[in-house]
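Residue numbers (the numbering used here), protein chains in the order written: chain A, 1041 to 1223; chain B, 2 to 169.
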């Protein structure tokens, strides 16, 4: 099994004000999916980033025991697949439309072109994705150090204090915001 | 020193097109350090990428205990340029050293003057950091194969309880 943190989409909300979002979305191709339609499957080659314009998308992946594990349900204004901007690895989850959903599709080159044209949303999006990757890295390293020290016999009190510290860092809050668990 | 020929050998930067690399050399700083000079101390803002060109820089913890060295050709700080934070460790020159520094502030200026270069740089650094994330994830998997992302403090504590620590 792979830790979710390595590959899962960041589930970021679309940055910018309403007018910036409107101009950004107007430049993108949109696709409509019906209930149960598969947007992409776990293991598929990397594809474009997608922004949920309306409707909902359910993300899941298979456990080592080949059971489907629900990961998240994302809705309008949220993003999936943005890590394809940085990583050509396969899709880390399966995405299925719940009800009718409309998504705007943004390929890597489209994104780079928009950044070059100084589109504020494109730039904010790339920056947000990058920040989430860094937040995950720091969190993963902190947890690894903590686990190692725990295995080496660190006192429980110390472990609790350090767990609190890890779970209250700005990176953790960024991480949870990206996971849709904060406003 | 030919900055382009030095920086083009740095793996996170090597993916940049030559024109972008040339622009980047215009915004980096070259730091000359003597033995004992601190590149940064614990508690300093972490907002720069450093590439050691000559010499050796020792990494130390807050108690100045050695953690390792970075030598010519090695680098540190890709994450700091993307998401600034605070240094938890220090970096001290062990002897005369030349270090190339790319500050986040310089990258912000690059966004204004040369957005294509800034965009390529940010994507290049993030791609590199994702490789680090994969390695970090593999290390964590060696210790624990439970998914940890969605756990609260209590949940993480339960996972730890299930992993038996060594008894001294």
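The beta-carbon is built from N, C-alpha and C at its ideal position, and this holds for glycine as well.
- Taken in chain order, the stretch 1082-1125 of chain A contains no complete alpha helix (DSSP H) segment of 4 residues or longer.
- In terms of Cα proximity to residue 1055 of chain A, the closest of A:1163, A:1205, A:1180, A:1208 is A:1163.
- Counted as a single uninterrupted DSSP element, the alpha helix (DSSP H) harbouring residue 1148 of chain A occupies residues 1148-1156.
- By the 16-neighbour rule on beta-carbons within 10 angstroms, residue 1159 of chain A is buried.
- The continuous beta strand (DSSP E) containing residue 98 of chain B extends over residues 98-104.
- Cβ atoms of residue 1122 of chain A and residue 1089 of chain A come within 8 Å of each other, at about 5 Å.
- Assigned with DSSP and collapsed to three states, residue 28 of chain B falls in coil, not helix or strand.
- Taking 7 Å as the cut-off between beta carbons, none of the residues of the stretch 1060-1094 of chain A comes near chain B.
- Collapsing the DSSP output to three states places residue 84 of chain B in coil.
- Per DSSP, residue 164 of chain B lies in no beta strand (DSSP E) segment and is marked neither H nor E.
- Residue 1178 of chain A has its alpha-carbon roughly 21 Å from the corresponding atom of residue 1192 of chain A.
- Residue 72 of chain B has its alpha-carbon roughly 6 Å from the corresponding atom of residue 53 of chain B.
- Per DSSP, residue 61 of chain B lies in no alpha helix (DSSP H); the unbroken beta strand (DSSP E) holding it starts and ends at 57-61.
- Classified as buried, residue 8 of chain B has 16 or more neighbouring CB atoms from the shown chains inside 10 Å of its CB.
- Under the DSSP assignment, residue 1179 of chain A falls in the alpha helix (DSSP H) whose first and last residues are 1160-1191.
- Under the Cβ distance rule, residue 88 of chain B does not count among the residues neighbouring chain A, no pair being separated by less than 7 Å.
- Note that the stretch 1181-1189 of chain A does not touch the stretch 1107-1117 of chain A; fewer than 3 beta-carbon pairs, one per stretch, sit closer than 8 Å.
- Taking 8 Å as the upper bound for CB-CB distance, residue 39 of chain B and residue 93 of chain B are in contact here, some 5 Å apart.
- Proximity of residue 1165 of chain A to chain B, defined by a Cβ-Cβ separation below 7 Å, is not satisfied.
- Contact check for residue 118 of chain B and residue 21 of chain B: beta-carbon distance about 4 Å, within the 8 Å limit, so the pair qualifies.
- Excluding sequence positions up to five before and after residue 129 of chain B, its CB lies within less than 8 Å of the CB of 12, 13, 79, all in the same chain and listed in chain order.
- A Cβ-Cβ distance of about 23 Å is found for the pair residue 1119 of chain A and residue 1102 of chain A, leaving them out of contact under the 8 Å criterion.
- Residue 137 of chain B places its beta carbon 7 Å or farther from that of residue 1209 of chain A.
- At a cut-off of 7 Å, the C-beta of residue 1120 of chain A has no neighbouring C-beta in chain B.
- When the five nearest sequence neighbours on each side are left out, the beta carbons in the same chain lying within less than 7 Å of the beta carbon of residue 35 of chain B are those of 94, 97, in order along the chain.
- Sixteen is the threshold: when 16 or more other Cβ atoms of the shown chains lie within 10 Å of the Cβ of residue 134 of chain B, as they do, the residue is buried.
- Membership of residue 138 of chain B in the alpha helix (DSSP H) is indicated by the continuous run 116-144.
- Residue contact check for residue 154 of chain B against chain A: a CB pair falls below 7 Å.
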